[in-house]
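Just below is one structure, and these are the notes that go with it.
Residue numbers (the working numbering), protein chains in the order written: chain X, 182 to 367; chain F, 158 to 334.
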């Protein structure tokens, strides 16, 4: 009998290799700072962070699946729960809560009380449009695309802009089943 | 391709105990091969340690293998006696949806399959007396993650050309044969 997939990420978090949280935060801060210096436009930086996150997400999903041994989620609700409890815990060390489900179960909000990426960060007046943690939305989008779910992830609340928590809205656009890739040529 | 940080091997959980029937050196006349496919049918890796008979050229062989598993999965889902909702045969399935078959064996070989929800399929062909290979396949998937997915020089969706991965994989599979 295969072991049941963990419903919380704590045992996994204890097992994966960890880096110093401050190193992580400061490295991320340096990346954003450099992007701002190179690209200058806040919108461009947002897009670039999202793209970087996407590239990370498509690889991260395999690591997540290999280490956590979860089987296929039955629906988007379960997916969101697993992301919040197991995924975030495994990679960032914090858990998120899932709220605000819409009627069809295709949109929800992931709320993060504390976020290791933004320790020590303050946004100056010139960068008020910047979504500092936009890399997270890219990661989620990339990872979900590799499990056949096309999603749109946007930031609803951001503590750096004065709100009280971080809230990501995840909207499932559609499920994309795999198709037989070879054309019938013979 | 160079992979920096060679201490990765220490982090993979200790390899699972080999299932009964392995390490008996029965590879005499038996095939021993490994395929790894991704979700679009690209064969990322094909390794053979022992193969007495080559019937098709490599491309055809891989296409055949992928097609076989794809169809088998559709078929097993369709005739599943425990599930209520049966899709129509031929309708594309999400990986992991429907029932996932693990292995089949014939009088000359056993084929074991692991499919992840992200569509990565690990296929191992061994001699027919091998026991349940799910744990070893899971371990091989972990090796793939450590050496290939985390390799910054690897482009997703292309065949794997990483020496470190091949070495580790060979080392592990030798304990299974």
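All C-beta atoms in this analysis are idealised placements derived from N, C-alpha and C, irrespective of residue type, glycine included.
Residue burial classification, residue i (beta-carbon count within 10 angstroms, cutoff 16)
i, result
"residue 140 (chain F)", "Shown here, chain F extends from 158 to 334; a query on residue 140 (chain F) therefore has no answer."
"residue 213 (chain X)", "buried"
"residue 348 (chain X)", "buried"
"residue 323 (chain X)", "buried"
"residue 284 (chain F)", "buried"
"residue 229 (chain X)", "buried"
"residue 199 (chain X)", "exposed"
"residue 331 (chain F)", "exposed"
"residue 354 (chain X)", "exposed"
Cutoff 6 Å; reference residue i; Cβ partners in own chain excluding five residues on either side
i, result
"residue 234 (chain X)", "316, 319 and 320"
"residue 327 (chain F)", "none"
"residue 350 (chain X)", "290, 335 and 337"
"residue 280 (chain F)", "192 and 270"
Contact set between residue i and chain F, taken where Cβ atoms lie within less than 7 Å
i, result
"residue 242 (chain X)", "275"
"residue 327 (chain X)", "275"
Contact list for residue i against chain X, beta-carbon separation under 8 Å
i, result
"residue 232 (chain F)", "Neighbours of residue 232 (chain F) on chain X: none; closest Cβ ~13 Å, over 8 Å."
"residue 313 (chain F)", "239 and 240"
DSSP-derived helix/strand/coil call for residue i
i, result
"residue 286 (chain F)", "coil"
"residue 309 (chain X)", "coil"
"residue 346 (chain X)", "coil"
"residue 277 (chain X)", "strand"
"residue 196 (chain F)", "coil"
"residue 212 (chain X)", "helix"
"residue 301 (chain F)", "helix"
"residue 283 (chain X)", "coil"
"residue 280 (chain F)", "strand"
"residue 203 (chain F)", "strand"
"residue 188 (chain F)", "coil"
"residue 288 (chain X)", "strand"
"residue 357 (chain X)", "coil"
"residue 261 (chain F)", "strand"
"residue 331 (chain X)", "strand"
"residue 351 (chain X)", "strand"
Contacts that residue i makes with chain X (C-beta to C-beta distance below 7 Å)
i, result
"residue 227 (chain F)", "361"
"residue 306 (chain F)", "240, 243 and 244"
Contact set between residue i and chain F, taken where Cβ atoms lie within less than 8 Å
i, result
"residue 247 (chain X)", "273, 295, 298, 299, 301 and 302"
Cβ neighbours of residue i in the same chain (closer than 7 Å, five flanking residues each side left out)
i, result
"residue 356 (chain X)", "329 and 330"
"residue 259 (chain F)", "269, 270 and 291"
"residue 373 (chain X)", "Here chain X comprises residues numbered 182 to 367, so residue 373 (chain X) is not present and cannot be evaluated."
"residue 231 (chain X)", "315, 318 and 319"
Own chain partners of residue i with C-beta closer than 8 Å, once the 5 adjacent residues on each side are dropped
i, result
"residue 296 (chain X)", "273, 275, 314, 340 and 347"
Spell out a yes or no on whether the stretch 261 to 279 of chain F and the stretch 243 to 258 of chain X are touching, meaning 3 or more CB-CB pairs, one atom from each, closer than 8 Å.
yes
Cβ contact (3+ pairs, closer than 8 Å) linking the stretch 323 to 331 of chain X and the stretch 303 to 311 of chain X
no
Could you tell me whether the stretch 281 to 295 of chain X touches the stretch 258 to 269 of chain X, using the rule of 3 or more Cβ pairs below 8 Å?
These segments touch.
Is there contact between the stretch 296 to 305 of chain X and the stretch 215 to 222 of chain X, where contact requires at least three CB pairs shorter than 8 Å?
Three or more beta-carbon pairs separated by less than 8 Å are not found between the stretch 296 to 305 of chain X and the stretch 215 to 222 of chain X, which leaves the two stretches without contact.
Taking three-plus beta-carbon pairs below 8 Å as touching, is the stretch 193 to 202 of chain X in contact with the stretch 268 to 275 of chain X?
As far as the Cβ criterion goes, the stretch 193 to 202 of chain X touches the stretch 268 to 275 of chain X, which means the pair count is three or higher.
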